[in-house]
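Numbering (this note's numbering), first residue to last: 21 to 108.
Pasting the structure below:
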């Protein structure tokens with residue numbers, strides 16, 4: 021999984037990515053459905069604040085936006101596995 025700095029994307033590319041991710045997620049099944057513009061604003065704010073990151077998964081050939089903490093946990097697990105493999 022590769023982290024992509026959202027500031028490197030053009031406004032149009034970032035907007036298209038966000039809309040693609042929102043529409044891929046489908047319907048919320050909570051008490052009320054948050055509209056696409058509200059979700060777009062939330063994702064953009066999370067990216068700008070650093071609470072979320074854009075990642076690319078080459079295995080699935082897909083981009084996604086995930087929580088920063090989740091990305092850091094995944095990265096730490098991968099590094100631990102690599103160090104473990106070479107220390108044995």
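The beta-carbon is built from N, C-alpha and C at its ideal position, and this holds for glycine as well.
Pop quiz: residue i and residue j are said to be a contact at Cβ under 8 Å. What is the actual Cβ separation, rounded to whole angstroms?
i: residue 70; j: residue 88; result: 6 Å
i: residue 115; j: residue 64; result: A query on residue 115 cannot be resolved here, the shown segment of the chain reaching from 21 to 108 and no further.
Compute the distance between the beta-carbons of residue i and residue j, then report whether it is under 8 Å.
i: residue 41; j: residue 84; result: yes
i: residue 75; j: residue 22; result: yes
Considering only the alpha carbon of each residue, which of the options lies closest to residue i?
i: residue 43; options: 29, 60 and 27; result: 60
i: residue 92; options: 73, 107 and 77; result: 73
For residue i, which residues does DSSP report across the bridge?
i: residue 72; result: 87
i: residue 82; result: 77
(request) Count the CB pairs spanning the stretch 53-65 and the stretch 91-108 that are closer than 8 Å, and state whether there are at least three. (result) Taking a contact to require three or more Cβ pairs closer than 8 Å, the stretch 53-65 and the stretch 91-108 do not qualify as touching.
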